[in-house]
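Data first, discussion second: the structure below is written as structure tokens.
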Amino acid sequence: MHIKTLVSALAIFLFPLSTGAKNVAPRLSLPKQDAGFIENKGQVKDQYGKPRNDVQFILRAEGLNIFIGNGSLHYQFARNQSQGQASDVYRLDVALVNANMNAVATRENILPGHYNYLLQGLGGATAQAYSKIRYHDVYPGIDWILYLKDGLLEYDFDVKEGGDPASIQLQYTGADAIAQAADGSVTISTPFGNVTEHAPYAYAQNGRAIQSSFKLFEGNKLGFDLAAHSGPCTIDPILTWGTYYGGTNEDHSKSVTTDASGNVYMCGYTASTGNIATIGAQQSNLAGGLDGFIAKFDNNGVLQWCTYYGGSDDDYLYSVACDGVGNVYASGRTLSSSGIATPLAHQTTMFGLSDAFLVKLNSSGQLKWCTYYGGFSNEYRYGVACDGSYNVYLCGATNSGNNIATAGTHQAFQFGGYQAFLVKFDSTGVRQWGTYFGGSSDDYGYSVCTDVANYIYLCGRATSTDYIASATAYQLNHAGGGNDGFLAKFNTIDGTTSWSTYYGDAGDDQLLGVTCDGGDMLYICGRTDGTSTIATNLANQSSYGGGASDGFLAQFDSTGVRQWATYYGGSGDDSATSVNCDAGGNIYITGVTSSTNNIASPTTYQNTIGGGRDAFLAKFTYSGSMDWGTYYGGSGDDEGSGVGANVDDIYICGSTGSSAAIATNNAHQTAFSSNPDGFLAKFGDCATAPGQPGIITGNNTVCGGTSQNYFISPVIGATYYTWTLPGGWTGSSNTTSILTTAGSTGGTITVTANNACGSSTAQSFNVTVNTVPIALITPAGPTTFCEGDSVILNANTGNGITYKWRLNGNIIPGATNASHTVTQAGNYTVVENNNCGGDTSATTVVTVNPLPSASIMQNNNQLSTGSFTTYQWYYNGQVINGATNQNYTAQQNGDYYVHVTDGNGCGANSDTVTVTGAYIADANKPGYNFSISPNPGNGTFTLSGNTSDSQLDIDIRDMTGRLIMSTALKTNANKCRQVIQLGSNVPSGLYYMNISGSSSRAILKFVKE
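So the sequence shown is residues 627 to 1635, counted in our numbering.
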């Protein structure tokens, strides 16, 4: 929910989740909030002074009070008037319709301080404030959770197996109207402004978003409408990124923490000379056999810097912590007598065979100071923590009788063999106090944390049966079995204890980690083979899982009272090595397991063990329910050593012998270097399936049979990817890239991004496949033809093909098209190429036959030619019908040629000859029925004759056959009489008159004088 000033923006989301599942919640922004949910101890009264017993909690902010109880929220707004006038007050009530008014409220995350009410009738009642409240079963199978996060009020509906979201209805009293907008939000109108409910958001068991919306009812009621789904709804972890960290020798990552800016710090130790320190680091080279290292990453897994820290002998870093201003502290053990302490440090000289040491760096990795810490004997196993006043605390174990404790602390002298120790330094490295903690036997301090009030908590293991537990301890006596765990609370001022307790039963029990939340709770984790007193009834796992040991997790309050405890382990060997809390009050443990059961939740990131031993990561709620658990590891041995958490992210580190299943794509170090390597991984709660991947990059036109890479950018929240390929293609990948072998046909490549919540919408990419062309010539006609003809040769076509035609092996200039017209005989091929390769066709043989050579032999009007297959004679360019023999007698003067064909079917025309004597030979033959007179004449002549033709064609030529005139004559009654006039322009000489009709013909010779 978001309320900005008095015009409120109230966002109520529906999140159906499994019991205790953490989720992204609605928010109500509280201006200048001065407390959490304050208990109502009778201080809330109505306007008549009567107690409001229906109100259980109050949340206060400037201009706004929120009263909570009996399934209702009462928003009381106040608007200031001018000085001296009363404030305007308006109330909006939101009630859960038909809810269980007697739902039990569980208070979680107590806040520091308390409220004393010295009102009449209260007798000095004290009220405590909390940051989280859970109302159990406000509806059957549905919890109502209200909590504060980053100054915001958020509340969820937690729908468990059997719960019906449809039963949830919100009744608004004091609202003028309720209206739903197109985007799914709902606006509640009040005289003091509008309240906007953003569209609801719901998730199913596998994390997939469930389609949901508000449903309005009469009477200003608001409900929820969800698409069909089954089972409880859960949120699962997703691996955001993971990286190896190490070189070619052994590397161990031991501890991880975060700063206020979201950066991640990891420490450990290494024998590798490469892949560790960055350029310009405080110490860029390995100095001894083993050196410690400290590395800083941003929250995207990008290495910012890393430095070795050590001298000429072996040095180990086991724990890292940050203060509130970004300084980094790391603690460990050293065998080096030089290269450790800075000048003017608390202890500049190593006294024993091994000493503890504490180093401070700023956020850029620059050394501020470093000190040895130890006496004449040995110091081991070290933890470090910072408080809110920038002090730093170091713990461990020692058998030195000097240089450890200061006077006035819990234990100023060594009692037995090894003793736990705890020491406080200020930010400049000046020791404030130091104390032993132990009895007459061996006791070891392993981990330390500080709470919001700057109290310090130390945990470890004890074999001593004395001087461990305080008089009012949770467990007064050592339970036997070698080791029992111990937990002790120290005062920051003088190092004295407030209380201390054993923790264990008849088996061997060790407390390996302790952390403090933002309230008054602390959590311990460790390993045990005890089977009786470790877990509480109704715990997440109330019985021992089997194997040589189980991990465990327990919650204590700041007074030393155990609230709950649970085993965490299966039939193999399990150990919880580190514990941490996030800002929302969730608890995380990591460690190592060989169990195949009781570790991972069904839909988690990795629900089966990868090798002989795997690291694990588990999330628990404030009330001790497990949200999820996951393995983390490959086929080798892997172990989790440290866990860190901030608002949204969880980090684990450790050591791995696995060459796969550790690093994510594009991580800082994706390849395994040695056995073991360190590792660092970031997890987040799965809230939704990943978004659609961005565009796929790669070649969109490829050659069949070739290798092709395709890529996408990483998708936020995705843990793996699914690729699909066109038919006939091969290749597989679950990362952001895929190497394929293209098939013979194209199609669509798709990729989806996946995590435990589900899969994204697929991204697609179309590809075209080209193959090496098979060159082939197909003639469009016969390839044997006569000279002067041609044939078109066609090559096969395809995308991107180029062509080169060749004749008798030589490239034909300019012949680069898919078709080529051929007129020349020879051997033709075509070379076809595309981006996939080339091919040369088979030879196509083209035969060109020569044309026949015909000539005419002329004897006056007798014409003949050579011997050919066929003949056709032409007169003045026109076919002479029937003139198809080798010889021809010209009937008229003019131009003649013959067309001949040979046996190949090739044809040719002869040369042309001119016949001029055809008229002379036939002139004035007997039997002509025509005459011309006078003959000779001076130019005027009369043609006379008998004919059955109705029309006669007349042409007159000279002795060369040149046409002088031409005319057509009409006959009358079979008689022809016509005057022919030759003009003065016609010279004197001999002329021939050719007379022709359909049945008449004559050639007359006459003379013009």
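Even glycine gets a Cβ: it sits at the ideal position worked out from N, Cα and C.
Fair warning: this is a prediction, and the values are worked out from it, not measured in the lab.
Would you identify the three-state DSSP class for proline 677, choosing helix, strand or coil? strand
Per DSSP, methionine 1637 forms a beta bridge with which residues? Residue 1637 lies beyond the stretch modelled for the chain, which goes from 627 to 1635, so this question has no answer here.
Over what stretch of residues does the beta strand (DSSP E) that includes leucine 1569 continue unbroken? 1566 to 1572
How many whole angstroms separate the CB atoms of isoleucine 1580 and isoleucine 1621, which I take to be in contact at a CB cut-off of 8 Å? A Cβ-Cβ separation of about 6 Å places isoleucine 1580 in contact with isoleucine 1621 under the 8 Å criterion.
Secondary structure, beta strand (DSSP E): runs of 3+ residues fully inside the segment 1167 to 1237: 1176 to 1183, 1188 to 1194, 1200 to 1207, 1213 to 1219
Suppose the cutoff is 8 Å on Cβ atoms and the five residues either side in sequence are ignored; what does the same chain contact list for serine 1300 look like? Gly872, Gly873, Thr874, Asn875, Glu876, Asp877, Ser898
Cβ-Cβ separation, tyrosine 944 to tyrosine 1008 (assumed contact under 8 Å), whole Å: 5 Å
Quick one: residues in its chain with C-beta nearer than 6 Å to the C-beta of threonine 732, no 5 flanking neighbours on either side, listed in chain order? Arg760
Helix, strand or coil for serine 1622 per DSSP? strand
Cβ contact check for the segment 889 to 898 and the segment 943 to 960: 3 or more pairs under 8 Å: Counting Cβ pairs under 8 Å, three or more are found: they touch.
For serine 793, the three-state DSSP class (helix, strand or coil): Three-state DSSP puts serine 793 in a helix.
Per DSSP, the bridge partner or partners of leucine 1489: Answer by DSSP bridge pairing, in chain order: Gln1484, Tyr1514.
Give the single residue among Tyr1070, Thr1185, Tyr1019, Thr1091 whose Cα lies nearest to the Cα of alanine 1099. Thr1185
Could you give the distance in angstroms between the alpha-carbon of alanine 753 and the alpha-carbon of lysine 667? 6 Å
Report yes if the C-beta distance between threonine 1159 and asparagine 1206 is below 8 Å; otherwise report no. Not in contact: threonine 1159 and asparagine 1206 (Cβ atoms no closer than 8 Å).
Which residues in the same chain as alanine 651 place their Cβ atom closer than 6 Å to its Cβ, once the five residues preceding and following it in sequence are excluded? Low confidence applies here, because alanine 651 scores a pLDDT of 30, under 50, leaving its location unreliable; read the following figure in that light. Taken in chain order, the residues that qualify are Glu780, Asp782.
Using only CA atoms, which one of Trp931, Glu1005, Gly888, Lys922 lies nearest to alanine 907? Trp931
Every unbroken beta strand (DSSP E) within the segment 1007 to 1084, with a cutoff of 3 residues, ordered by chain: 1018 to 1024, 1045 to 1051, 1057 to 1063, 1069 to 1076
Mind checking isoleucine 1213: buried by the 16 CB within 10 Å criterion, or exposed? buried
Considering Cα atoms alone, identify which of Asp1052, Leu685, Ser1026 is closest to tyrosine 1062. Ser1026
Determine whether the beta carbon atoms of aspartate 802 and serine 815 lie at a separation below 8 Å. yes
Helix, strand or coil for glutamine 1389, going by three-state DSSP, please let me know. Strand, per DSSP.
Excluding the 5 residues flanking leucine 1020 on each side, which residues of the same chain have their C-beta closer than 6 Å to its C-beta? Ser957, Leu984, Val1010, Val1049
Take asparagine 889 as the anchor and find which of Ala1271, Ile1215, Leu737 has the nearest alpha-carbon. Ala1271
Pick from Tyr1497, Pro1399, Ala1509, Gly1000: whose alpha carbon is nearest that of aspartate 1465? For aspartate 1465, the closest alpha carbon among the candidates Tyr1497, Pro1399, Ala1509, Gly1000 is that of Pro1399.
Within the continuous beta strand (DSSP E) that includes valine 881, where are the two ends? The sequence as given places serine at residue 881; valine does not occur at that position. Note, serine 881: beta strand (DSSP E), 877 to 884.
May I ask you to verify whether the segment 1209 to 1227 touches the segment 1136 to 1156, counting CB pairs closer than 8 Å and requiring at least 3? yes
Going by other Cβ atoms of all chains shown within 10 Å of its Cβ, with 16 needed for buried, is alanine 1594 buried or exposed? exposed
Tell me which same chain residues have a C-beta within less than 8 Å of the C-beta of threonine 1469, skipping the five on either side of it? Closer than 8 Å at the Cβ level, and outside the excluded window around threonine 1469, lie Asn1453, Tyr1454, Thr1455.
Let's test the definition: count the other Cβ atoms within 10 Å of the Cβ of tyrosine 1016 and tell me whether it reaches 16, buried, or not, exposed. exposed
With C-beta atoms as the reference, is threonine 1118 less than 8 Å away from histidine 1036? The Cβ atoms of threonine 1118 and histidine 1036 do not sit closer than 8 Å to each other.
Is the CB-CB distance between threonine 1216 and glycine 1268 below 8 Å? yes
Using the C-alpha atoms, what's the distance from glycine 1262 back to glycine 925? First, the residue type needs correcting, since residue 925 is asparagine and not glycine in the sequence shown. About 27 Å.
Quick check on isoleucine 1506: does DSSP put it in helix, strand or coil? coil
Checking the sheet assignment: what are the DSSP bridge partners for valine 1269? Per DSSP, Ile1278.
Between the segment 1193 to 1200 and the segment 1125 to 1141, can you find at least three pairs of beta-carbon atoms closer than 8 Å? Under the 8 Å Cβ criterion, the segment 1125 to 1141 does not count as touching the segment 1193 to 1200, having fewer than three qualifying pairs.
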